[in-house]
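Notes to accompany the following structure.
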Amino acid sequence: MAPRETAAGAAREDRRAFFTRLFWGLAGLLGALVGVPVLGAFLSPGFRKPEKAQWTVIGPADRFTEEPSLAHHVHPAHEGWVNVTGEMQVWVVRDPQGAYKIFDNHCTHLGCPFHWEAADKRFFCPCHNGVFGADGRVLSGPPPRPLDYYESKIEGGILYMGALRRGGT
Amino acid sequence: MTEGPRPGGWLQERLGGQIFGGFLNRNVPEETGLPHTLGSATLFLLVVQVVTGIVLAMNYAPSPEHAYDSVTYIMTQIVFGPVLRGLHHWGSSALVIVVGLHTLRVFVWGSYKAPRELTWMVGVALLLLVMAFAFTGYLLPWTQRSYWATVVGTKIVGTVPLIGSWLLQVVRGEADVGPVTLVRFYAIHVLLLPALLAPLVTLHLYLVYRHSIAPRPGNEAAARKTKRFYPDQLAEDLAVSLVVLLALFGLTWIWGVPTEVRADPTSTAYVPRPEWYFLFFFQLLKYFQGPIWEPIGVIVLPLAVILLLFVLPLVDRRLERRPRRRPYAMAAAGVAVAAVAGLTYFGVVQAPPGTRTAPAGSPQALVERGHEIYVAGKCQDCHVIKGEGVDFGPELTHVGSGYAADKLAALIHNPLSVNPQASMPAFDKLSDADLRALVAYLLTLK
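Dropping the structure here:
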């Protein structure tokens, strides 16, 4: 092969390598410039800080006994662009020591609503036969932890609920 | 030497065909240059619109009650929300411009001629699709501007002789632009049009590949010298796309998305005007009036232009591509560009959007300002005027005949000072000028 052709061939290869690098560099840059905002927005809910729970009135504290009972309350919530007020239900029980427990009414297994079976003195979740005691402890079935509960306080004889806590904490 | 990664190699082995790899590993005329990057810039902008649109759609509610608030949510609560909306907003304008230039380039260079007739016809369909995207997307933020532009834009359909009102109902889904129209436009914008776009873009690209890129006219001899599409030409394409993208970022950075007040169907002061790319048509209709001329300007002329664009390669079958040898085609293109540019210019100069019909400082301007404050302050969330609003507080349809100015002002500024039982919140943050304007507006309601 004549030297001239070899030089031309090398120049062609250089050019090819340059354009290959240029192409992939530009493709990566464009992908990042468009991809980062798009991915960031898609993952946006993951960056949001949970809203601070406010103390919500449940009712007169002496209404509740050692027998768990359902309490309804209107819960104002801000979801996305909608202001909704949802009616929520919680189980309220006063333990023998006189402390109040406010249980979230979703089973800690897969979130089914459960009910109180007065005859057997137990909370029973019909989805997968999860059973909890009146104190929220798991008695049998698949639930991985005691019932989730809300912080509570009493002011002027009125029971308030606060932030949701994981069962067992 | 190092071999870069070869897109298409792995896939080509597995797909078995030459479709993907063949598209990349082909040769194009060496003189393929900047003018040829308009098509790839169009494709890039379409991709940007699609990916930004998907995430925007995830955070948008197509109902008059929620549309505006959900857009505000995107702008305030979503990470990169303003960036995405900015890219989508400016991207639509950029798309119209780049598609227009692409079409013009292909026309001037006669690239639509045999054997690329079908490439051109699919391209015309894509051009119309882009305009349909722009028109339907415009309504979605449910602002004054988008609402009224859609009222006027759809009304144009209503001027079709005989079937106009029926057609208007089909386009709007209802007699008026309202909730049904919004969902209809949304579904068309995010479902129907993308479903048409994807196969047509694929077909267009396949045809470009099938017939190769048309060399510059009059320079066919030089076209025998070739260069590789990947990576040489593609790198140039991406460089142009990068410039376009940086321009979108720049526009988003400098101007953001213009803020607009919520759509108000009761407004009487708003001067509707479409987005700039439909302005030429809007302006054209000012010159076509009356029972005979209006349908000609509204229906016959646009349809004729679209039809002509479609059949152009079938009618103009001479193979001559050099612009100098095609004086009539060049004259037609010149007239069309001048007409669109001129009409757009006059459209911009005459009555900018949202301008008050009354001169500043006049009593009428004060009333119109008052109406804006009424809408911006969400008064209609508690009060009804002529059937519009929420029936919570007193109806205000005839409030002007029952109250004096100072009493109205006192009521708004501090309701309890006038009526101890009032449940209306005090609007004591209003400036004196705004309060005067609001009262002036209310006093016109008799």
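If you're matching them up, the sequences are chains A and B in order. Residues in the first sequence are numbered from 1 upward in steps of one, following the UniProt record's numbering. Residues in the second sequence are numbered from 1 upward in steps of one, following the UniProt record's numbering. All C-beta atoms in this analysis are idealised placements derived from N, C-alpha and C, irrespective of residue type, glycine included.
Asked, Found
"Using the Cα positions of B/Ala198 and A/Val74, report the straight-line distance between them to the nearest angstrom.", "48 Å"
"Roughly how many angstroms separate the alpha carbons of B/Glu372 and B/Val335, rounded to a whole number?", "41 Å"
"Can you pull the chain B neighbours of A/Gln27, defined as C-beta to C-beta under 8 Å?", "In the sequence under discussion, the amino acid at residue 27 of chain A is Ala, which differs from the Gln named in the question. Under the 8 Å cutoff, chain B gives Leu238."
"Mind checking which residues open and close the beta strand (DSSP E) that includes A/Ser152?", "Tyr149 to Glu155"
"Give the C-beta separation of B/Thr154 and B/Val130 to the nearest angstrom, bearing in mind that I take them to be a contact with Cβ-Cβ under 8 Å.", "In fact, because the Cβ distance is near 19 Å, the residues do not count as touching under 8 Å."
"Quick one: what's A/Met88 bridged to in DSSP?", "A/His73"
"Can you give me the C-alpha to C-alpha distance between A/Gly59 and A/Ile158, rounded to a whole angstrom?", "6 Å"
"Establish whether the CB of residue 253 of chain A and some CB of chain B are separated by less than 7 Å.", "Residue 253 of chain A lies beyond the residue range present for chain A, which begins at 1 and ends at 169; the question has no answer from this structure."
"Please give me, in chain order, every unbroken run of the alpha helix (DSSP H) with length at least 4 that falls completely inside the stretch 250-334 of chain B.", "276-284, 290-295 and 301-315"
"Determine the burial state of A/Gln54: buried for a count of at least 16 other Cβ atoms within 10 Å of its Cβ, exposed for fewer.", "exposed"
"Counting only runs of 4+ residues fully inside the stretch 356-438 of chain B, write out the alpha helix (DSSP H) ranges in chain order.", "363-376, 399-402, 405-413 and 415-418"
"Measure the C-alpha to C-alpha separation of A/Ser140 and A/Pro113 and round it to an integer number of angstroms.", "16 Å"
"Quick check: B/Val261 and B/Gln144, are their CB atoms within less than 7 Å of each other?", "yes"
"Which stretch, first to last residue, makes up the beta strand (DSSP E) that contains A/Val138?", "Val138 to Ser140"
"Give me the residue from A/Gly25, A/Leu147, A/Ala10 and A/Thr6 with the minimum Cα distance to B/Ala239.", "A/Gly25"
"Within the continuous alpha helix (DSSP H) that includes B/Pro179, where are the two ends?", "Pro179 to Ala187"
"What residues are listed by DSSP as bridge partners for A/Leu159?", "A/Gly59 and A/Ile154"
"Please classify A/Lys101 as buried or exposed, where buried requires at least 16 other C-beta atoms within 10 Å of its C-beta.", "buried"
"Quick one: residues in its chain with C-beta nearer than 7 Å to the C-beta of B/His88, no 5 flanking neighbours on either side, listed in chain order?", "Gln49, Thr52, Gly53 and Leu56"
"So the beta strand (DSSP E) B/Thr42 belongs to, where does it begin and stop?", "That residue, B/Thr42, is in no beta strand (DSSP E); its alpha helix (DSSP H) goes Thr37 to Met58."
"If contacts are defined as beta-carbon pairs under 8 Å, then A/Leu145 and A/Phe132 qualify, I think. What distance do you get, rounded to the angstrom?", "Position check: residue 145 of chain A holds Arg in this sequence, whereas Leu was assumed. Actually they do not touch by this definition, with Cβ atoms about 10 Å apart."
"Quick one: measure Cβ to Cβ for B/Gly370 and B/Leu438, integer angstroms, because I've assumed they're closer than 8 Å.", "5 Å"
"Less than 7 Å between CB atoms is the rule here; does B/Asp434 satisfy it with respect to chain A?", "no"
"Locate the alpha helix (DSSP H) running through B/Gly137, then write down its first and last residues.", "Glu117 to Leu139"
"Residues of chain B with CB closer than 7 Å to the CB of A/Pro37, please, in chain order.", "Phe80, Val83 and Leu84"
"Which residue's Cα is closest to the Cα of B/Phe229: B/Thr37, B/Ala405, B/Gly250 and B/Asp428?", "B/Thr37"
"Assuming B/Pro29 is part of the alpha helix (DSSP H), what are its boundary residues?", "It is not in any alpha helix (DSSP H) - B/Pro29 instead sits in the beta strand (DSSP E) that spans Asn27 to Pro29."
"What residues from the stretch 32-46 of chain B come within 8 Å of chain A, judged by C-beta to C-beta, listed N to C?", "Phe44"
"DSSP three-state label for B/Val83, please.", "helix"
"Between B/Asp232 and chain D, is any beta-carbon pair separated by less than 7 Å?", "No chain D is part of this structure, whose protein chains are labelled A and B."
"Please list, in chain order, all residues of the same chain as B/Tyr60 whose beta carbon is under 6 Å from its beta carbon, the five residues on each side excluded.", "Ser70"
"From the DSSP output, in three-state form, read off A/Ile102 for me.", "strand"
"Say whether the stretch 409-421 of chain B touches the stretch 304-317 of chain B, bearing in mind that this needs 3 or more beta-carbon pairs closer than 8 Å, one atom from each stretch.", "no"
"Can you name the start and end residues of the alpha helix (DSSP H) that residue 456 of chain B belongs to?", "What the structure shows of chain B is the stretch from 1 to 446, and residue 456 of chain B is not part of that stretch, so it cannot be assessed."
"Going by CA-CA distance only, name the one from B/Val257, B/Pro64 and B/Arg324 that's closest to B/Pro217.", "B/Arg324"
"Quick one: is A/Pro50 buried, meaning 16 or more other Cβ sit within 10 Å of its Cβ, or exposed?", "exposed"
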